[in-house]
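Reviewing the structure listed below.
Number of protein chains: 2
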Amino acid sequence: MKKRVSSAKRSTGVTRPGPEPGYHHGELQEALIAASEAILAEQGAEGFTLREAARRAGVSPAAPSHHFGNAQGLLTEVAIRGYDALAGALREAASGKPGAREKLHAQGLAYVDFALRHPGRFQMMFANKRLVADDARLRQASRAAGHAFEIVVAELVGGTPKGAKTAAAAAWSTVHGFAKLALEEKFGSVKNEAGRREVMMTLNQVLNYLWPASGPRPQA
Amino acid sequence: MKKRVSSAKRSTGVTRPGPEPGYHHGELQEALIAASEAILAEQGAEGFTLREAARRAGVSPAAPSHHFGNAQGLLTEVAIRGYDALAGALREAASGKPGAREKLHAQGLAYVDFALRHPGRFQMMFANKRLVADDARLRQASRAAGHAFEIVVAELVGGTPKGAKTAAAAAWSTVHGFAKLALEEKFGSVKNEAGRREVMMTLNQVLNYLWPASGPRPQA
DNA sequence: CGATCTATCTGAACAGTGTTAAGATAGATA
DNA sequence: TATCTATCTTAACACTGTTCAGATAGATCG
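And the structure:
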């Protein structure tokens, strides 16, 4: 009696045109993660809903629970991948630069560039209340991203590990705060490419001010 | 036929024990704002709901719309007051300190202290998507808070206005990023007073690193 | 003083949300 | 071939924000 046409609408998902076989989806986890990232890219962090993700993956609203427990579980997986991507971008930015200061500058630019290009994902990565905050893999992924700054900064300050911790906290705080404020349009519009370019130039000045080419910064 | 006992339950609100007269509430705006701030203080930004605010004010869920349009309107008013409080805290922190560097340090500490003591309100102030982002009063209140840094920093860098803008952006970014990361527990727990104190000491080191007592910072 | 006017609030409804429980389905296993 | 088990659906629940017609009460005016 039940129509059971639901398998038909499964072909209208956002899932990439891969296998996507029979009834048992087979790749539902990946499909849900991909759908979630698509929503975050299109609508931002506030636009995400679990039902919409399920809709795009072509399954019922209850399906995700079996794989991720709840919405937090799914978003945690998305956040982990986000941290991995961010850490990769930071490593890549630093590699190839000659000195420690150049590495730090490149990392700072890469950090904010990541945030401005993937605002929804970035906001979600730092929305602890929407994630399983004590998830071990999430914590490690986050730590790895933060650690990218420590590595570069340790080279900059030739001091104790404690000094490196402080300097890394300073660097992370500055670029993170700049990214957050920029996303809230405190430095002008970042909706178009021109606005983003201007904001990135402001960031460049900030970095030059806080970590000048050499010696002291112009100061009273 | 309608019972009309609803006026009875109005006495069970969170509203301060002031007049709170007859049927027409008379101070519903203030009651809703106070209720919203209470929710933010107890449950954080994610815990706020318009219905709960109405519940605490002792009115129906539809009542707020008449005064604030929608939830964004109410939250915008809350955010404006938050910015005013923040700007006041920043001004007060700077006043009384002798030099520009001391003023900046005090402001930075006050900024993060505000964020850690009122996390829900702070998060909401910077959640543009939940506010009427282009509200004139909100924008001005936000600008005023950011301007507090410019005033102090202009005294620090004896240069052009453009240099002051850059230095203010740097200071704001650093303390804002530190506050955000601290609230997401990236520097350890901030749930109890001891954790917050430790985090504030880390902030102090960061400020000392970025704006050292005099001259250059220890650097390769 | 009494009638009308107007701002304020209620009641009820709507579409949408996350989550849960019970049952159907299909691939894997014995 | 029969059973087992992971996976997914259906249906329901308690919420949410918002809208609209109507009730209410304080203010205004004849």
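Going down the list, the sequences are from chains A and B. Counting in full-length UniProt numbering, the first sequence runs from 1 upward without gaps. Counting in full-length UniProt numbering, the second sequence runs from 1 upward without gaps. By construction, the Cβ of each residue, glycine as well, lies at the ideal position given by its N, Cα and C atoms.
For residue 225/A, the first and last residue of its enclosing alpha helix (DSSP H)
Residue numbering for chain A in the displayed model covers 1 to 220; residue 225/A lies beyond these limits and cannot be assessed.
Measuring alpha carbon to alpha carbon, tell me which residue in I151/A, I80/A, N192/A and L181/A is nearest Q140/A.
Residue I80/A is the option with its Cα nearest to Q140/A.
What's the gap between the Cα of V157/B and the Cα of E150/B?
About 10 angstroms.
Give a yes or no on whether the C-beta atoms belonging to Q205/A and T166/B are separated by under 7 angstroms.
Against a cut-off of 7 angstroms, the Cβ pair of T166/B and Q205/A comes out as a contact.
Using the beta-carbon count (16 or more within 10 Å), is M124/B buried or exposed?
Within 10 angstroms of the beta-carbon of M124/B lie 16 or more other beta-carbons, which makes it buried.
Rounded separation between S95/A and A63/B - CA only
So the two alpha carbons sit approximately 58 angstroms from each other.
Straight-line gap, A89/A to R196/A (C-alpha atoms, nearest Å)
Their backbone Cα atoms lie some 18 angstroms apart in a straight line.
Using the three-state DSSP reduction, which class does G159/A fall into: helix, strand or coil?
Here G159/A sits in coil by DSSP.
Starting from G188/B, follow its DSSP beta bridges and name the residues at the other end.
By DSSP's assignment, G188/B forms a beta bridge with K186/B.
Tell me where the alpha helix (DSSP H) around V206/B begins and ends.
Per DSSP, V206/B belongs to the alpha helix (DSSP H) from E193 to L210.
Within-7 angstroms CB hit, E46/A to chain B:
With a threshold of 7 angstroms between beta carbons, E46/A makes contact with chain B.
Of the residues T202/B, L75/B, Q43/B and I33/B, the one placed nearest F118/B, counting alpha carbons only:
This sequence places His at residue 118/B; Phe is not what is there. The shortest C-alpha separation from H118/B is found at Q43/B.
For R101/A and E37/A, what's the separation of their Cα atoms in angstroms?
Note on geometry: alpha-carbon atoms of R101/A and E37/A lie some 33 angstroms from one another.
Would you verify that the beta carbon of V132/A is, or is not, closer than 7 angstroms to some beta carbon of chain B?
So no, V132/A is outside the interface.
M200/A to D113/A, Cα distance in whole Å?
If I take the Cα positions, the gap works out to 8 angstroms.
Using a C-beta cutoff of 7 angstroms, does K180/B count as contacting chain A?
Yes, K180/B counts as interfacial toward chain A.
For a test of the three-state rule: what should DSSP assign to T174/A, helix, strand or coil?
Under the three-state reduction of DSSP, T174/A is assigned to helix.
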